[in-house]
Amino acid sequence: MKTDTRSFKKILGHTLSGILLIGIIIGSIFPFLYMFLMSFKSTINAHDLDLSLDKLSLMQYQKIFAMDGFGRYIFNSVFVAVAGVILTVGVCSLAGYAFAKMDFKGNDKLFLFLVMTMVVPSEVIVIPLFLITKGLGWLNTYRALILPLPTAFGVFIMRQAILDVPKDLIDAARLDGCGPLRIFFKVVLPLVRSSVLALAIFTFVGAWNNFLWPLVASTKAEMKTLPLALSMMKTQFNTDVGLTMACAVINFLPPFIFYVFIQGRFKEGLTLSGIK
Numbered sequence: 044m045k046t047d048t049r050s051f052k053k054i055l056g057h058t059l060s061g062i063l064l065i066g067i068i069i070g071s072i073f074p075f076l077y078m079f080l081m082s083f084k085s086t087i088n089a090h091d092l093d094l095s096l097d098k099l100s101l102m103q104y105q106k107i108f109a110m111d112g113f114g115r116y117i118f119n120s121v122f123v124a125v126a127g128v129i130l131t132v133g134v135c136s137l138a139g140y141a142f143a144k145m146d147f148k149g150n151d152k153l154f155l156f157l158v159m160t161m162v163v164p165s166e167v168i169v170i171p172l173f174l175i176t177k178g179l180g181w182l183n184t185y186r187a188l189i190l191p192l193p194t195a196f197g198v199f200i201m202r203q204a205i206l207d208v209p210k211d212l213i214d215a216a217r218l219d220g221c222g223p224l225r226i227f228f229k230v231v232l233p234l235v236r237s238s239v240l241a242l243a244i245f246t247f248v249g250a251w252n253n254f255l256w257p258l259v260a261s262t263k264a265e266m267k268t269l270p271l272a273l274s275m276m277k278t279q280f281n282t283d284v285g286l287t288m289a290c291a292v293i294n295f296l297p298p299f300i301f302y303v304f305i306q307g308r309f310k311e312g313l314t315l316s317g318i319k
């Protein structure tokens, strides 16, 4: 009898947990589903959920694709995001390796100062960064959009990951005649692959959705990124909820596709890190 009671409670607990998880999943997916469905309508009412086939059309997407310079905006966003990922992964990985495995004077103090910069909101440094960029003559260039992307957060992630790399492996590689850079690329980097991929995902999403800094650093239309262009379009047609949702869908898809592409490699990196 006690066994039956325990089994019933166990089944009931699993059932309630499953219902709760399904509810959370539905609640998480619903905003994106609402955004996608509303993007096929032309309406000024955000509560207009009539999804009759005769009211659905591709008109909103046609407006966006017909926008002057749309291809240029796409290229700018992709180039800045991809170049930002490469630069951030390279800089933060090397810096994290130096802070984690190299002994030099002021290592801990310098890293503490670097971590403290994470407390400062990014909006605070916009004006100093703008003045520096303007002084260097970098306004309306890709350098202005890409170079500020590496942050202390990326260095912190890579340092914490590299700290877990066994010192014996590095000493063995050093005995085999490997220099610091070869140890980094041949020994350390493969073991922290999952952290590198996680940093790449964070950087790509952040660079793609970055709005304030491109707005400040890009005054010419040909240097604007896709989020800036779509925001101008939504301001021009601000009474059309469907157009706003279509802009959101187009802005959402590239980071989502990037994440899906990287996700398999991310899991593979976790597995390889465990094996090695």
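Sequence positions in the sequence shown follow this note's numbering and run 44 to 319. Don't be surprised by glycine CBs; every beta carbon is placed ideally from N, CA and C.
In whole angstroms, what separates the C-alpha of V208 from that of V198?
Position 165 of the sequence shown, counting from 1, holds the residue named residue 208. Position 155 of the sequence shown, counting from 1, holds the residue named residue 198. Cα to Cα, the separation comes out at about 16 angstroms.
When you compare the CB positions of C290 and I107, do they come within less than 8 angstroms of one another, or not?
For the purposes of this step, residue 290 is taken as residue 247 along the sequence shown, with counting starting at 1. For the purposes of this step, residue 107 is taken as residue 64 along the sequence shown, with counting starting at 1. Yes, they are a contact pair.
State yes or no: is the C-beta of L273 within less than 8 angstroms of the C-beta of I300?
The count along the sequence shown starts at 1 and reaches residue 273 at position 230. The count along the sequence shown starts at 1 and reaches residue 300 at position 257. In this structure, I300 does not lie closer than 8 angstroms to L273 by Cβ.
Taking 8 angstroms as the cut-off, decide whether the C-beta atoms of V231 and I205 are in contact.
Translated into positions along the sequence shown, residue 231 becomes position 188. Translated into positions along the sequence shown, residue 205 becomes position 162. It is a contact, given that the beta carbons lie within the stated cut-off.
Three-state secondary structure (DSSP) of A109
Stepping through the sequence shown from its first residue, residue 109 is reached at position 66. The answer is coil: DSSP assigns A109 none of H, G, I, E or B.
Label L155 either buried or exposed according to how many other C-beta atoms from any shown protein chain fall within 10 Å of its C-beta, with 16 as the threshold for buried.
The residue you call residue 155 lines up with position 112 of the sequence shown. Exposed, since its Cβ has fewer than 16 Cβ neighbours within 10 Å.
Just mark M266 as buried or exposed, buried being the case when its beta carbon has 16 or more other beta carbons within 10 Å.
For this step, residue 266 is matched to residue 223 along the sequence shown. For M266, the number of other beta carbons within 10 angstroms of its own is at least 16, and it is reported as buried.
Let me know the secondary structure DSSP gives K144 once reduced to three states.
Working through the sequence shown from its first residue, we reach residue 144 at position 101. Note: K144 maps to helix in three-state DSSP.
Over what stretch of residues does the alpha helix (DSSP H) that includes P164 continue unbroken?
If you number the sequence shown from 1, residue 164 lands on position 121. Careful: P164 lies outside any alpha helix (DSSP H) and carries neither H nor E.
What span of residues does the alpha helix (DSSP H) with M201 cover, start to end?
Walking along the sequence shown from the start, residue 201 turns up at place 158. M201 -> alpha helix (DSSP H) spans 195-206.
DSSP three-state label for P191, please.
Position 148 of the sequence shown, counting from 1, holds the residue named residue 191. If DSSP states are grouped into helix, strand and coil, P191 belongs with coil.
Between I213, M275, S50, which lies nearest to F113 when the distance is taken from Cα to Cα?
On the sequence shown, residue 113 is found 70 positions in, with the first residue counted as 1. Among I213, M275, S50, the Cα nearest to that of F113 is on M275.
Alpha helix (DSSP H) segment containing G178, residue limits
Counting from 1 along the sequence shown, the entry for residue 178 is found at position 135. That run of the alpha helix (DSSP H) goes 169-179.
Determine the contact status of Y185 and V125, defining contact as a CB-CB distance below 8 angstroms.
Position 142 of the sequence shown, counted from the start, is the residue given in the question as residue 185. Position 82 of the sequence shown, counted from the start, is the residue given in the question as residue 125. No, Cβ-Cβ distance for Y185 and V125 is not below 8 angstroms.
Between the C-alpha atoms of N183 and A264, what's the straight-line distance to the nearest angstrom?
As a first step, residue 183 is located in the sequence shown; it is residue number 140 there, counting from the start. As a first step, residue 264 is located in the sequence shown; it is residue number 221 there, counting from the start. Rounded to whole angstroms, N183 to A264 spans 9 angstroms at the Cα level.
What is the C-beta distance between G127 and I189, in whole angstroms, given that I count them as a contact (C-beta under 8 angstroms)?
Taking the sequence shown and counting its residues from 1, one reaches residue 127 at position 84. Taking the sequence shown and counting its residues from 1, one reaches residue 189 at position 146. Indeed, because the Cβ distance is near 5 angstroms, the residues count as touching under 8 angstroms.
Any contact of the segment 128-143 with the segment 233-244, i.e. 3+ C-beta pairs under 8 angstroms?
yes
L99 versus F79 - alpha carbon distance
For the purposes of this step, residue 99 is taken as the residue at position 56 of the sequence shown. For the purposes of this step, residue 79 is taken as the residue at position 36 of the sequence shown. Their Cα atoms are separated by approximately 11 angstroms.
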